[in-house]
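Novice: The UniProt record's numbering puts the sequence shown at residues 1 to 174. Cβ coordinates follow ideal geometry from the N, Cα and C atoms, glycine included. Here it is, the structure, as C-alpha cells.
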Amino acid sequence: MTSKPYLVRTSDPEHRAEPGSHPLDPKVFKYRLNLGDKCGLTQAGVHINTVPPNNISTVPHWHSNEDEWFYIIKAGEGARIVLYEDGKANEPREEEVKTGDFLGFPAATKVGHVFKTGADEIVYLVGGSRKEVEVVHYPVIKAKAVIDRSSGPVYWGVKEENILVPDFPVKKKE
C-alpha cells in the first residue's frame with residue numbers, strides 16, 4: 001500500500017476493480033477501477049476497464065464537450081469496436097481491435113462507440129477531459145445524459161421523445 005496520493009498500485013488489494021452495470025442498461029456489465037479519482041484528478045478521468053467475454057463495454061455513446069481515448073491493454077480474438085455513425089444508429093460498423101491499439105474520439109465527434117468482446121475479455125485504459133457540464137449522446141437508445149459537475153456531480157437522463165423543445169431557438173448576439 002502507498003500513502004502517496006499521486007500513485008495507485010493496481011496490484012494492492014484496496015485498488016481492485018469494482019463490478020458495475022450501466023445505469024441506462026443493467027445488462028451491460030464490466031469491472032472498473034477509477035484511477036483518476038484515486039489520484040485526485042479534477043480535469044481528466046482515467047479508468048482501467050475489464051469487459052468479460054461475449055459482452056459489450058457500455059451503451060453506444062459519444063460526448064459533446066469531452067475528448068475520450070482508449071488504450072487496449074489486452075484484447076483476445078474477436079474483440080471489436082462497434083461504431084454508430086451520425087444518423088446511422090441502425091447501421092453499425094465493426095472494426096477489429098488488438099492489444100496495443102489506441103483510439104481517440106475528439107469532443108463532438110458524432111460517432112457512437114462501444115467495445116464488443118469475443119471469447120476472451122478485453123482490458124483497456126480509458127480517459128478523457130472532464131468539463132463542468134457535459135452531454136453524452138446515446139444514439140441507439142435515443143437518449144441523452146447531462147452531467148453537471150459545478151456543484152456535484154449531478155446526472156440527468158432524458159429520452160429524446162421527452163425533450164420538450166428539440167430545436168430551442170437561441171438568439172444570436174448582434
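On the DSSP letters alone, give me the boundaries of the alpha helix (DSSP H) that L7 sits inside.
Specialist: The residue given as residue 7 occupies position 7 in the sequence shown. That residue, L7, is in no alpha helix (DSSP H); it is neither H nor E in DSSP.
Novice: Look at the alpha carbon of R80 and the alpha carbon of N55, and state the distance between them as a whole number of angstroms.
Specialist: In the sequence shown, residue 80 corresponds to position 80, counting from 1. In the sequence shown, residue 55 corresponds to position 55, counting from 1. Spanning the two alpha carbons is a distance of roughly 11 Å.
Novice: Using CA coordinates, which residue listed in K159, E160, A145 is at the minimum distance from P153?
Specialist: On the sequence shown, residue 153 is found 153 positions in, with the first residue counted as 1. When only C-alpha atoms are compared, the closest one is A145.
Novice: Is the beta carbon of N34 sitting closer than 9 Å to the one on L125?
Specialist: As a working mapping, residue 34 is identified with position 34 in the sequence shown. As a working mapping, residue 125 is identified with position 125 in the sequence shown. No.
Novice: Once DSSP output is grouped into helix, strand and coil, what is the label at P19?
Specialist: Start at 1 with the first residue of the sequence shown, and residue 19 comes out as number 19. Of the three classes helix, strand and coil, the one that applies to P19 here is strand, per DSSP.
Novice: Assuming E85 and V111 are in contact, meaning their beta carbons sit under 8 Å apart, how far apart are those beta carbons, in whole angstroms?
Specialist: The residue labelled residue 85 in the question sits at position 85 within the sequence shown. The residue labelled residue 111 in the question sits at position 111 within the sequence shown. Confirmed, Cβ separation roughly 6 Å.
Novice: Ordered along the chain, which non-local residues of its own chain (more than five positions away) have a Cβ less than 7 Å from that of A75?
Specialist: Here residue 75 refers to the residue found at position 75 of the sequence shown. Answer for A75: V97, K98, T99, I122, listed in chain order.
Novice: Please go through the same chain and pick out, in chain order, the residues whose beta-carbon is closer than 8 Å to the beta-carbon of A119, but skip the five residues on each side of it.
Specialist: Translated into positions along the sequence shown, residue 119 becomes position 119. P53, N54, G76, E77, G78, listed in sequence order.
Novice: By how many angstroms is the C-alpha of K4 removed from the C-alpha of K159?
Specialist: If you number the sequence shown from 1, residue 159 lands on position 159. If you number the sequence shown from 1, residue 4 lands on position 4. Going from the Cα of K159 to the Cα of K4 covers about 42 Å.
Novice: Relative to the alpha-carbon of K27, which residue among G36, T10, V51 has its alpha-carbon at the smallest distance?
Specialist: Residue numbering aside, residue 27 sits at position 27 when the sequence shown is read from its first letter. It is V51.
Novice: What distance in whole Å lies between the Cβ atoms of G128 and T69, which are believed to be in contact at a cut-off of 8 Å?
Specialist: For the purposes of this step, residue 69 is taken as residue 69 along the sequence shown, with counting starting at 1. For the purposes of this step, residue 128 is taken as residue 128 along the sequence shown, with counting starting at 1. For the sequence presented, residue 69 should be read as Trp rather than Thr. Indeed they touch by this definition, with Cβ atoms about 6 Å apart.
Novice: Could you give the distance in angstroms between the alpha-carbon of L103 and the alpha-carbon of V114?
Specialist: Translated into positions along the sequence shown, residue 103 becomes position 103. Translated into positions along the sequence shown, residue 114 becomes position 114. Looking at the two C-alpha atoms, the distance is approximately 12 Å.
Novice: Note down the Cα distance separating P92 from T42, rounded to an integer number of angstroms.
Specialist: For this step, residue 92 is matched to residue 92 along the sequence shown. For this step, residue 42 is matched to residue 42 along the sequence shown. If I take the Cα positions, the gap works out to 34 Å.
Novice: Which residue wins for smallest C-alpha separation from N162, given the options I147, D148, R149, I141?
Specialist: Here residue 162 refers to the residue found at position 162 of the sequence shown. Out of I147, D148, R149, I141, I141 has the C-alpha closest to the C-alpha of N162.
Novice: So, for Y71: in the same chain, excluding its five sequence neighbours on each side, which residues have a beta-carbon less than 7 Å away from its beta-carbon?
Specialist: For the purposes of this step, residue 71 is identified with residue 71 of the sequence shown, where counting begins at 1. Around Y71: F102, Y124, L125.
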